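**Q** Under the working numbering, think of the first position of the sequence shown as 36, with each following residue one higher. Beta carbons: idealized from backbone N, C-alpha and C, even for Gly. All of these numbers come straight from a predicted model, not from anything done at the bench.
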Amino acid sequence: MQSTRRNFALQSAAVAATLALPAAAQPSTSAEGWYDRPMRWAQLAFVEDDPGRYSPSFWLDYFKRIHADAACLSAGGCVAFYPTKIPLHYRSKFLGNSDPFGEMLAGCRKLGMNVIARTDPHAAHQDVYDAHPDWIAVDAAGNKRRHWASPDLWVTCALGPYNFEFMTQVTREIVALYQVDGIFSNRWAGSGMCYCEHCRRNFRDFSGLDLPRTNDPQYPARRQYIVWHQKRLFELWRLWDGTIRAANPNASFIANAGGGALSNLDMKTIGELAPTLFADRQARHGLMPPWMNGKNGKEYRATLGNKAIAGIFSVGLEDEHRWKDSVQHRDEIRLWVADGIAQGLRPWFTKFNAKPIDRRWLPVVEEIYNWHHNNERYLRNEASLARVALVYSQQTAAFYGGEHARENVENAALGFYQALVEARIPFDMVHDKLLDSAHVDRYRTLILPNIAALSTEQCEQIRAFVNRGGSIVATHETSLYDEWGVRRRDFGLASLFGASFDGRVQDHIQNSYLNVERDPLTGQFHPLVHGLEDATRIINGVTRIYVKPQGNYLPPPLTLVPSYPDLPMEEVYPRVPRTNIPGVFLREAGHGRVAYFPWDIDRTFWEVLDVDHGKLLKNAVLWTSNEEPPVTVSGVGVIDISVWQQKTSITAHLVNLTNPMMMKGPVREIIPLPAQQLRLRIPSGKRVAAVRFLVGGVEPQYQISGKVMEILVPSIALHEVIAVDLA
Ligand SMILES: [Zn+2]
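(1) For ligand 1, is there any heavy atom lying closer than 7 Å to the beta carbon of L271?
(2) Below 6 Å CB to CB, which residues in the same chain sit around A60 once its five sequence neighbours on both sides are set aside?
(3) Please go through the stretch 187-245 and give each complete alpha helix (DSSP H) segment of 4 or more residues, from N-terminal end onward.
(4) What are the complete alpha helix (DSSP H) segments, minimum 4 residues, inside the stretch 307-390?
(5) Taking the straight line between their C-alpha atoms, what separation do you get for R479 and G340?
(6) In chain order, which beta strand (DSSP E) runs of at least 3 residues are fully inside the stretch 380-450?
(7) Is it a yes or a no for the stretch 298-310 touching the stretch 668-686, going by three-plus beta-carbon pairs under 8 Å?
(8) Under a Cβ-count criterion, where at least 16 other Cβ atoms within 10 Å of its own Cβ denotes burial, should L108 be classed as buried or exposed?
(9) Closer than 8 Å by C-beta to A447: which residues in its own chain qualify, once you throw out the five before and the five after it? Chain order, please.
(10) Runs of 3 residues minimum, wholly inside the stretch 643-709: which ones carry the beta strand (DSSP E) assignment?
(11) Quick one: grab the DSSP three-state call for S113.
(12) With three or more C-beta pairs closer than 8 Å as the rule, is the stretch 386-404 touching the stretch 361-372?
(13) For V607, I'd like the list of residues in its chain whose CB is within less than 8 Å of its CB, leaving aside the five on either flank, ordered along the chain.
(14) Would you say the beta carbon of C231 comes nearer than 7 Å to a heavy atom of ligand 1?
(15) When you compare only the Cα positions, how much space is there between Q363 and A103?
(16) Taking 8 Å as the threshold, find out whether the stretch 491-510 comes into contact with the stretch 527-535 through three or more Cβ pairs.
(17) Any contact between the stretch 457-465 and the stretch 257-277? By contact I mean 3 or more CB pairs, one from each, below 8 Å.
(18) Less than 8 Å between the C-beta atoms of T594 and N654, yes or no?
(19) Go to E270, then tell me how far its beta strand (DSSP E) extends in each direction, as first and last residue.
(20) Assuming S740 is part of the beta strand (DSSP E), what are its boundary residues?
(21) Indicate, with yes or no, if ligand 1 has a heavy atom lying under 7 Å from the CB of G195.
(22) Where does the unbroken beta strand (DSSP E) through S535 begin, and where does it stop?
(23) Since P91 and M139 are thought to touch, with beta carbons under 8 Å apart, how far apart are those beta carbons, to the nearest angstrom?
(24) Identify which residue in Y230, R236, R714, I757 has its Cα closest to the Cα of K742.
(25) Quick one: give me the first and last residue of the alpha helix (DSSP H) that K21 is part of.
(26) According to DSSP, is T594 helix, strand or coil?
(27) The alpha helix (DSSP H) spanning I497 covers which residue range?
(28) For F93, count neighbouring C-beta atoms within 10 Å of its own C-beta (all shown protein chains included) and say buried if the count is 16 or more, exposed if not.
(29) Any heavy atom of ligand 1 closer than 7 Å to the CB of A224?
(30) Tell me whether R628 is buried or exposed, calling it buried when 16 or more other Cβ atoms sit within 10 Å of its Cβ.
(31) Considering A630, what are the terminal residues of the beta strand (DSSP E) in which it resides?
(32) Please classify A290: does DSSP put it in a helix, a strand, or coil?
(33) First and last residue of the beta strand (DSSP E) that includes L95?
(34) With respect to the alpha helix (DSSP H) encompassing A166, which residues constitute its N-terminal and C-terminal limits?
(35) On a Cα-Cα basis, can you pick out the residue from Q259, I209, L194, G112 that is closest to C234?
(36) Of all the CB atoms in chain B, is at least one closer than 8 Å to the CB of D216?
Right under this line is the structure:
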């Protein structure tokens with residue numbers, strides 16, 4: 036199917052080349068449902084002085100050499116790179132009679148590439164300001180906003196006529212002239228709160244209220260604003276999408292949007308609207324771990340299912356000081372991209388300025404893309420085989436977290452994520468609005484990392500999942516708030532936890548511990564504290580939920596040692612060395628299992644990275660899952676793991692994150708891992724026809740016993756993919 040489409044595309048391009056049609060009349064490579072075709076994207080983001088000064092053949096040769104099969108090219112918005120006829124649509128002052136957008140588009144089509152056009156509506160020139168001052172964004176003090184980085188420009192209002200009228204015209208013109216496969220709009224959703232006359236009036240019509248001047252989501256105006264802001268942006272999305280489809284039925288609007296709990300557009304709706312989506316996380320910075328790129332892939336996949344998702348990476352440093360013409364070390368680029376590919380992202384490089392200055396990145400991207408092209412059939416994933424899923428919740432971030440969402444919501448998820456990577460457990464992510472059986476029954480265990488805000492219906496879905504044999508691990512204030520962030524009298528999931536809320540949350544606890552306890556009946560340690568048998572006690576977290584037991588739970592393998600003074604040193608001894616207050620609630624519920632930690636174990640793990648907490652999180656997932664995992668990898672080092680199924684094969688990706696720089700990029704070199712022993716579960720009804728290493732190239736030595744294949748991976752430099760052809 037795919038090769039048929041590709042041949043057709045190549046033939047169309049060949050015909051076009053023979054006829055030497057003008058750019059605008061070239062037949063498009065678009066076909067219905069083209070979105071799954073491209074595997075490797077190239078983005079050239081023009082700067083104003085590119086027209087007439089850059090070399091199209093340099094780029095087209097490069098695109099061909101790297102087997103890029105789709106391109107995103109800058110067309111219009113802030114600056115037009117084609118001869119637009121729309122009044123106030125600013126043309127590059129270097130444009131003259133040229134059409135660099137059309138020229139590159141025609142060249143890409145000759146290569147059989149899909150092409151989408153980039154627009155950027157977030158900034159406008161002085162003539163726009165003069166003609167339509169109401170199109171400009173207004174700050175809380177009532178001033179029109181100059182652009183923070185380019186003070187000659189103005190920041191536009193995303194929710195008023197600039198986008199709804201002017202940019203709709205621009206969008207229509209680009210699609211009508213060039214029959215592009217889609218419009219990708221950057222910074223289309225605004226640049227913070229806008230208090231312009233349109234926003235004030237439209238919000239008042241919607242809510243009867245004035246625009247909020249607080250970020251606290253418990254104030255009615257802020258709560259209503261969060262709802263209205265999304266509604267308005269989705270109206271814009273649908274308007275542009277309809278405009279595009281009217282001009283080319285095979286094209287769509289593809290917003291630069293989406294993300295995890297902290298993103299502000301509902302991912303469930305995005306998953307329904309977008310035919311494909313691109314995760315714009317160009318590189319890491321600061322203390323961001325390299326697995327963060329894979330996390331983007333998981334968050335998008337949670338609501339886009341099997342739709343194609345590309346991961347946009349830049350080749351430069353992505354630091355707040357924004358050296359946009361910089362080039363990173365090759366190993367940092369390779370590490371970031373490899374983790375995205377391992378978690379299902381198709382690579383998309385972006386380069387601003389078509390006249391590259393530092394060219395060291397070119398061979399790096401070429402190497403990555405050529406490997407990807409050579410192994411494409413093992414990278415067209417049809418399903419993840421992970422049996423564990425980490426839930427994320429935008430409503431928890433918006434309405435419970437508010438201004439503290441990063442600390443109180445996202446950091447819990449990051450802590451659990453890190454623990455799962457260290458534990459070498461492959462996992463997916465699940466959106467909290469998709470907890471129905473169709474979306475969660477493929478998993479054995481759902482993890483709820485302080486998913487505090489859940490509706491009654493969502494709690495019912497989680498209970499039903501456990502009733503059907505699923506297991507859960509939950510932490511901290513999970514289900515203690517409703518979907519609007521209003522605290523309940525008790526956990527929505529109290530009956531599952533075996534614990535009820537006792538009315539009090541204690542935070543900023545210093546110097547508190549947990550005793551590691553044997554089962555009083557058997558004298559044995561519970562598997563939850565495996566690896567901690569000799570510890571006697573371990574550190575506690577820093578926020579504790581007071582709970583009272585409800586119903587049955589297993590004898591707690593952890594009990595509380597309350598806080599005691601940490602200074603002066605003479606005072607540092609436990610006043611209460613032992614209590615019977617559980618540090619974890621463990622239950623067997625039907626065929627499923629439940630582990631609930633009434634404290635911030637995952638958030639504390641992200642802050643402190645205490646190895647004991649990492650062990651508890653790992654053990655909780657293994658004990659609740661209670662089955663042979665789809666893949667087990669033994670050996671030393673930190674590896675991000677995924678397992679995928681393709682049409683006639685399965686693959687296990689191992690990305691080597693072991694690096695002295697792994698917690699603060701950029702890395703300078705890759706430190707190869709020693710041998711790893713891998714156990715891979717063979718899907719039932721299938722047999723192994725062939726096994727290949729897609730990176731290392733050596734002949735794999737493997738054994739099959741029953742449903743499990745054992746294979747020795749001799750060494751991993753950066754990334755290894757074990758590809759198993761099935762018959
Ligand atoms: Zn506005």
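**A** From the atom records:
(1) no
(2) At A60, the pLDDT of 40 sits below 50, so the modelled position is not reliable; the number obtained from the coordinates is stated separately. Closer than 6 Å at Cβ, skipping near neighbours: no residue.
(3) The stretch 187-245 contains these whole alpha helix (DSSP H) runs: 203-213, 232-242.
(4) 327-339, 365-377
(5) 18 Å
(6) 381-387, 423-427
(7) Too few Cβ pairs lie closer than 8 Å, so no.
(8) Its Cβ being crowded by 16 or more others within 10 Å, L108 is buried.
(9) P484, N485, T510, H511, D635, D637, R638, W641
(10) 666-669, 674-680, 684-691
(11) Residue identity differs from the one stated: residue 113 is Cys in this sequence, not Ser. Residue state, collapsed to three classes: coil.
(12) yes
(13) N546, Y599, P600, D601
(14) Under cutoff, so the answer is yes.
(15) 21 Å
(16) Cβ pair count under 8 Å is three or more, so yes.
(17) no
(18) no
(19) Element bounds for E270: not the beta strand (DSSP E) but the alpha helix (DSSP H), 255-282.
(20) 737-740
(21) yes
(22) 534-541
(23) 6 Å
(24) R714
(25) The displayed coordinates of the chain run from 36 to 762. Any statement about residue 21 would go beyond what the structure contains.
(26) In the structure shown, T594 adopts extended strand secondary structure according to DSSP, grouped into three states.
(27) Counting along the chain, the alpha helix (DSSP H) containing I497 begins and ends at 491-502.
(28) Exposed is the call here.
(29) Taking the Cβ of A224 as the reference point, every heavy atom of ligand 1 lies at 7 Å or farther away.
(30) buried
(31) 627-632
(32) strand
(33) Here L95 belongs to no beta strand (DSSP E); instead the alpha helix (DSSP H) covers 91-100.
(34) 161-166
(35) L194
(36) The displayed structure is made up of one protein chain only, and chain B is not part of it.
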